[in-house]
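What follows is a short report on a single structure.
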């Protein structure tokens, strides 16, 4: 918000046009932008503030934190490399251990393909039985309606009875066929379970060969998580210090020659930050917070 806009808003307030919530929201957004700008500026110029006494603690703490962060980053890189090596070792072991039961895997695939075909056959049988059932129910309904109306001939009733009998026989045949298919599916499932059990047994025999690689991966992953958490702490602390530096040099640029020199390459950013601070102040005044 510029000075001119602030004056316009003040005049509008005098006539009862108050947009307090908007002013608060704008101030909050500008505060967020200002903090980001302060952190960015501090990160860009921190090496130039060694001789500014007011920033001595921030500068030397940053030096210390950066050194510690580099150490942790190197340890993290080494841990990631160890995990990569351990994964390669594990992959090699798993590849080797797959060979002894490759025959079982092929047999299982063959059985599964057979089960897939049998399942399709079962679905067709169920569909046929469902259609027969619908036709049967339709004819029964027809028989009941005709009997209620009292006008069916003996010939019609005989044909209906004959057709219903045929449908019953067809349905029974499909039912028996479905039971037979269900037995085949059960047998196939049992074969798959048997093969799976044998695969697991053979895997278990060779699991000990890969245990050391697994252990290394677990230990390294835990170490990586710890190191990444440490890096996160360092980054948070460093951002805070960057913000302190950026805030100080941007505020003191017109008073302190050292601050002006440190920010000489970021003059535009400093002007934007100054404008943001003024706008925040205006918005707070307009919202009644000041």
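In this note's numbering, the protein residues as written are 1007 to 1296.
For every residue, glycine included, the Cβ atom is placed at its ideal position computed from N, Cα and C.
Rounded straight-line distance, which links the Cα of residue j to that of residue i
i, j, result
"residue 1021", "residue 1034", "Model confidence at residue 1021 stands at a pLDDT of 45, short of 50, so the residue's coordinates are unreliable and nothing is read from them."
"residue 1191", "residue 1111", "19 Å"
"residue 1131", "residue 1121", "15 Å"
"residue 1271", "residue 1282", "19 Å"
"residue 1196", "residue 1202", "10 Å"
"residue 1183", "residue 1149", "29 Å"
"residue 1210", "residue 1109", "17 Å"
"residue 1273", "residue 1080", "35 Å"
"residue 1159", "residue 1179", "30 Å"
"residue 1166", "residue 1177", "16 Å"
"residue 1280", "residue 1072", "29 Å"
"residue 1135", "residue 1129", "10 Å"
"residue 1126", "residue 1221", "45 Å"
"residue 1287", "residue 1091", "57 Å"
"residue 1050", "residue 1245", "12 Å"
"residue 1093", "residue 1087", "10 Å"
"residue 1198", "residue 1095", "30 Å"
"residue 1133", "residue 1147", "21 Å"
"residue 1200", "residue 1116", "14 Å"
"residue 1181", "residue 1155", "34 Å"
"residue 1262", "residue 1285", "23 Å"
"residue 1291", "residue 1258", "24 Å"
"residue 1140", "residue 1168", "17 Å"
Neighbourhood of residue i by C-beta distance below 6 Å, restricted to the same chain and skipping five residues each side
i, result
"residue 1170", "1145"
"residue 1075", "1240"
"residue 1082", "1233"
"residue 1058", "1264"
"residue 1138", "1173, 1176, 1177"
Close Cβ partners of residue i (< 8 Å) along its chain, the five nearest in sequence each way excluded
i, result
"residue 1267", "1054"
"residue 961", "It is not possible to answer for residue 961, since the shown part of the chain is limited to 1007 through 1296."
"residue 1217", "none"
"residue 1078", "1233, 1236, 1237, 1240"
"residue 1124", "1187, 1190, 1191, 1194"
"residue 1205", "1107, 1110, 1111, 1114"
"residue 1228", "none"
Distance CB(residue i)-CB(residue j) smaller than 7 Å
i, j, result
"residue 1089", "residue 1186", "no"
"residue 1256", "residue 1278", "no"
"residue 1142", "residue 1173", "yes"
"residue 1223", "residue 1085", "no"
"residue 1237", "residue 1064", "no"
"residue 1052", "residue 1251", "yes"
"residue 1061", "residue 1254", "yes"
CB contact check: residue i to chain D, cutoff 7 Å
i, result
"residue 1127", "Here chain D cannot be found, since the structure has a single protein chain."
Cβ-based burial, residue i [other Cβ within 10 Å; buried from 16]
i, result
"residue 1038", "exposed"
"residue 1269", "buried"
"residue 1163", "exposed"
"residue 1219", "buried"
"residue 1097", "exposed"
"residue 1153", "exposed"
"residue 1151", "exposed"
"residue 1161", "exposed"
"residue 1260", "exposed"
"residue 1017", "Only weak support exists for where residue 1017 lies, its pLDDT of 47 falling under 50; the value from the coordinates is given anyway. That one is exposed."
Close-in-space but distant-in-sequence residues of the same chain around residue i (CB under 7 Å, 5 per side omitted)
i, result
"residue 1056", "1065"
"residue 1243", "1071"
Cβ-heavy atom distance, residue i to the ligand FMN, below 6 Å
i, result
"residue 1267", "Absence of the ligand FMN from the depicted structure is noted, as is the absence of any ligand whatsoever, leaving it without description."
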